[in-house]
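As you go down the protein sequences, you meet chains X and B in turn.
Each residue of the first sequence is one higher than the one before, starting from 880 at the first, in the numbering used here.
Each residue of the second sequence is one higher than the one before, starting from 361 at the first, in the numbering used here.
Backbone N, C-alpha and C define an ideal beta-carbon position, used for all residues, glycine too.
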Amino acid sequence: SQQGEEDPQALSIQEGENATMNCSYKTSINNLQWYRQNSGRGLVHLILIRSNEREKHSGRLRVTLDTSKKSSSLLITASRAADTASYFCATSRGDSSYKLIFGSGTRLLVRP
Amino acid sequence: GAVVSQHPSWVICKSGTSVKIECRSLDFQATTMFWYRQFPKQSLMLMATSNEGSKATYEQGVEKDKFLINHASLTLSTLTVTSAHPEDSSFYICSAGLGNGNTIYFGEGSWLTVV
Numbered sequence: 880s881q882q883g884e885e886d887p888q889a890l891s892i893q894e895g896e897n898a899t900m901n902c903s904y905k906t907s908i909n910n911l912q913w914y915r916q917n918s919g920r921g922l923v924h925l926i927l928i929r930s931n932e933r934e935k936h937s938g939r940l941r942v943t944l945d946t947s948k949k950s951s952s953l954l955i956t957a958s959r960a961a962d963t964a965s966y967f968c969a970t971s972r973g974d975s976s977y978k979l980i981f982g983s984g985t986r987l988l989v990r991p
Numbered sequence: 361g362a363v364v365s366q367h368p369s370w371v372i373c374k375s376g377t378s379v380k381i382e383c384r385s386l387d388f389q390a391t392t393m394f395w396y397r398q399f400p401k402q403s404l405m406l407m408a409t410s411n412e413g414s415k416a417t418y419e420q421g422v423e424k425d426k427f428l429i430n431h432a433s434l435t436l437s438t439l440t441v442t443s444a445h446p447e448d449s450s451f452y453i454c455s456a457g458l459g460n461g462n463t464i465y466f467g468e469g470s471w472l473t474v475v
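This is the structure we're talking about:
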């Protein structure tokens, strides 16, 4: 079953601008992860944030987590054309840390 | 680093035939692997949890007799799509956990086209 919803479904920005994607989920979680997927390819793990963390950074990526609102956001700063991809949040729950439920995804297009 | 390998990367089969997709953890053992399906422009949907040495656990709405999962060793899980139909055409991707509670590795995925 799909747990999360992401918005926007699609986002088109100019190179150099920031991109923000939001994810909401329904149940309590162990952690939340963000993945990137280029068209027709496998997943690339971007960042994991634990349920007791509120913010995490990795390079140009910034992830926030608000467990009270059951939501997370992914910010990509100074976007590049190579950031064009689909981005998914995924949550794991108590029964298995490895069993992921994915959000609906955001398709990001960065125009050069 | 740890890698999960999927084979084949893409396969075309005739309607009514069966096709097997393999998922291997190359340098670590995985007692549990997971199979996902992704239709074009959609998200990944968890199909089942593959358990080494025991029956797979299927998500609601996934036909266990149609999607046969076998996890006969600690490094190999297979997904067999039986009596495939064009609507089974999809991207199938597997994952395995490293064992530290957090790290998950995904295979590169397998494109199935049923004609």
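- With a beta-carbon spacing of about 5 Å, Leu927 of chain X and Gln912 of chain X fall inside the 8 Å limit used to define contacts.
- Listed by position along chain B, the residues whose Cβ is nearer than 8 Å to that of Tyr977 of chain X are Thr392, Phe394, Ser455, Ala456, Gly457, Ile464.
- Selection B:Asn411, B:Leu434, B:Thr435 evaluated against Leu428 of chain B yields B:Asn411 as nearest (Cα-Cα).
- Chain order gives no chain X residues near Glu423 of chain B, where near means a beta carbon separation below 8 Å; the closest approach is about 16 Å.
- For Trp395 of chain B, the closest alpha carbon among the candidates B:Ser470, B:Ile464, B:Trp471, B:Cys454 is that of B:Cys454.
- In the assembly as shown, Phe399 of chain B is an exposed residue. Its beta-carbon has fewer than 16 other beta-carbons within 10 Å.
- Among the CB atoms of chain B, none fall inside 8 Å of the CB of Ile908 of chain X.
- Annotation: the continuous beta strand (DSSP E) that includes Phe451 of chain B extends over 450-457.
- Within the region 920-934 of chain X, contact with chain B at the beta-carbon level (separation under 9 Å) is assigned to Arg920, Gly921, Leu922, Val923, His924, Leu927, Arg929.
- Here the alpha carbon of Thr463 of chain B sits roughly 13 Å from the alpha carbon of Tyr914 of chain X.
- Proximity to Glu468 of chain B across X:Asn897, X:Cys902, X:Gly919 peaks at X:Gly919, based on C-alpha coordinates.
- For Arg959 of chain X, the CB contacts under 7 Å within the same chain, skipping 5 residues up- and downstream, are Glu894, Val989 in chain order.
- Contact annotation: in the region 944-961 of chain X, no residue has its CB less than 9 Å from a CB in chain B.
- Take the alpha-carbon of Ala416 of chain B and the one of Ser891 of chain X: they are about 40 Å apart.
- By the Cβ-count criterion, Val923 of chain X is exposed, with fewer than 16 other Cβ atoms from all chains shown falling within 10 Å of its own Cβ.
- In chain order, Ser958 place their CB closer than 7 Å to the CB of Glu896 of chain X, counting only its own chain and leaving out the 5 sequence neighbours on each side.
- One thing to note: Ser385 of chain B has its Cβ no nearer than 8 Å to the Cβ of Ala432 of chain B.
- For Asp448 of chain B, the number of other beta carbons within 10 angstroms of its own is at least 16, and it is reported as buried.
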